[in-house]
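Encoded as structure tokens, the structure appears first; notes follow it.
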């Protein structure tokens, strides 16, 4: 098989042309995986660039003698690179660098409170249009910034694909071969195990609020939780975000310690 011969050539002789061919023949895989994460409001081209870094690392370390195809092995590196980029980019105070992003950051909440004071999560299409017109920015920029400021992009159950896939599923393209599907099933089990272990680091109130807001099929409103715990809606939001941040950090560290993510 050509892939095996190219990988063997690269591994034994350091043939750069062979390595380049292995990389270029898998660029479509990188693009497919990166598109699965577009719901996080980050530039797809940047996620593809990060995925390409992972692909090159995979080619560098690939051992064809083990019997797996490069796509199966590279998937882990590509997705890990993209996920780490997303984690680095996650921040509730991320302003952005463009004029439009700064304008949105400083004005979105005020305008949103004027036209949709009770709105939580995604804005209605008519509200998106109104805000975009008021601030002279695109509708996509409004949606992206609203998700950053509301915390929707951080949800473990945030839908990031057209088929309803979620962050905790660690997306895999449905058209990939059976080897990838098998690897995906194994990885999902590892992900669920990490989540189960990591949730234990939270105290009882943090766990209950996180489950209510982010892990239930139908999230509990801030208002209902505010009444239950007799604290403000803003305090509930703070606890939710802090708990999620602790959970994600612990899961990432655990994944790396168990060699579930590549370490450069």
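Residue numbers (the working numbering): 0 to 263.
Glycine residues also receive a C-beta, built at the ideal position from the N, C-alpha and C atoms.
- Around the beta carbon of residue 71, 16 or more other beta carbons lie within 10 angstroms, which makes this residue buried.
- By the criterion of at least three beta-carbon pairs nearer than 8 Å, the stretch 42-52 is not in contact with the stretch 0-20.
- The stretch 46-54 makes no contact with the stretch 207-225, as fewer than three CB pairs between them are under 8 Å.
- At a Cβ-Cβ threshold of 7 Å, residue 254 and residue 201 do not count as neighbours.
- About 6 Å separates the beta carbon of residue 47 from that of residue 29, a gap short enough to meet the 8 Å contact definition.
- In this structure, the CA atom of residue 34 is about 11 Å from the CA atom of residue 27.
- The C-beta distance from residue 238 to residue 208 rounds to 5 Å, short enough to meet the 8 Å contact threshold.
- By alpha-carbon distance to residue 106, the top candidate from 228, 135, 57 and 13 is 135.
- A residue is called buried when at least 16 other Cβ atoms come within 10 angstroms of its Cβ; residue 145 meets this threshold and is buried.
- 141 is the residue among 116, 108, 141 and 109 whose C-alpha sits nearest the C-alpha of residue 124.
- Around the beta carbon of residue 3, fewer than 16 other beta carbons sit within 10 angstroms, so the residue counts as exposed.
- Distance from the Cα of residue 57 is smallest, within the candidate group 211, 84, 10 and 114, for 10.
- Straight across, the Cα-Cα distance linking residue 197 with residue 256 is about 13 Å.
- Taking the Cβ atoms as the reference, residue 32 lies roughly 35 Å from residue 110, outside the contact range of under 8 Å.
- The shortest CA-to-CA distance from residue 0 to any of 131, 199 and 69 is the one to 69.
- Beyond the five residues adjoining it in sequence on each side, residue 246 comes within less than 6 Å, by CB distance, of 197 in the same chain, given in chain order.
- For residue 51, the enclosing alpha helix (DSSP H) begins and ends at 43-60.
- Of 64, 55 and 66, the smallest CA-CA separation from residue 75 is found for 55.
- DSSP places residue 210 within a helical segment (H, G or I) once states are collapsed to three.
- In the same chain as residue 252, and ignoring 5 residues on each side of it, no C-beta atom comes closer than 8 Å to its own.
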